[in-house]
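Using this note's numbering, read the sequence shown as starting at 57 and increasing by one per residue. Here a beta-carbon is modelled for each residue, glycine too, at the ideal position from N, C-alpha and C. Note that the coordinates shown come from a computational prediction; the quantities given were computed from them, not determined experimentally. For reference, the structure discussed in these notes is given below.
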Amino acid sequence: MILKLTTEKLTQEHNTFKKELCTLTDTLEFHSKEQSDLKATVNDVKSDVKKMRIQNQDIDILKQSLDKLLHEQNIMQQRERINNLEICGIPEYKNEKVSEYLISIAKIVGIDLSIEDIVHIHRVPTRLPNRPKNIVVKLKSTQLKYGILSAIKKGVSQPTKEAANAANYKYIWIRNCRIYVRRSDTSPSVLIRDITDLKKIK
């Protein structure tokens, strides 16, 4: 009788231990799965970070390429405009030939300009609605452009010299086809674009 009770008790304890062992096994399997899931998540994050780094590198490369293209475009635009002249203040007329205005201006300052020297010429809108549209002309060469500018400036330089001397200005000089005057060593320089700017000399 005692042996039977002992056997039953051992059987119960064994069953209880077996259940606890199963529970522990389930718990370990659960935690193992969680750990596997966490590891997979970490690997996914690492993969995403790696992809982001690659994308950032690609973005940097694209940005450098874009900057280079913009720089080249800027240089091309500057080259495109290097032979351009802009003329302001010429009245507008119906059916006008703006090329004749430029040829006449060139003739006045002693430059023999023909229609073949003009690549294209047209008026462009101005911000001031009550003023005539400016004329933009592209010439065949930079030499021709600066020849016209120099001749025009020479026509302005003599009156500028006279006005500067009368106002006791110490300096007058031409740089890049632009006329400048300065009263003294410490005073600011004054740009003289045309005859109307002579009123700046006081």
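Starting from Y157, trace the beta strand (DSSP E) both ways and give me its first and last residue.
From DSSP, Y157 is part of no beta strand (DSSP E) but of the alpha helix (DSSP H) over 154-164.
Identify which residue in D250, I110, S240 has its Cα closest to the Cα of A207.
D250
Do G145 and I167 count as a contact pair if the criterion is CB distance below 8 Å?
No, Cβ-Cβ distance for I167 and G145 is not below 8 Å.
Between which two residues does the beta strand (DSSP E) harbouring L169 extend?
From DSSP, L169 is part of no beta strand (DSSP E); its letter is neither H nor E.
Within 10 angstroms of its Cβ, does T216 collect 16 or more other Cβ (buried), or is it exposed?
buried
Should Y149 be labelled buried (16 or more other beta-carbon atoms within 10 Å of its own) or exposed?
exposed
What are the start and end residues of the alpha helix (DSSP H) that includes N139?
That residue, N139, is in no alpha helix (DSSP H); it is neither H nor E in DSSP.
Kindly indicate the opening and closing residues of the beta strand (DSSP E) around K194.
190-195
Per DSSP, what kind of secondary structure is L118 in: helix, strand or coil?
helix
Beta-carbon within less than 6 Å of I177's beta-carbon, same chain only, minus the 5 sequence neighbours each way: which residues are those?
V154, S155, V193
In angstroms, rounded to a whole number, what distance separates the CA positions of K119 and T81?
56 Å
Once DSSP output is grouped into helix, strand and coil, what is the label at Y202?
It is helical.
Decide yes or no for the touch test of the stretch 237-246 against the stretch 212-229: beta carbon pairs closer than 8 Å, at least 3 of them.
The stretch 212-229 and the stretch 237-246 touch, with three or more beta-carbon pairs separated by less than 8 Å.
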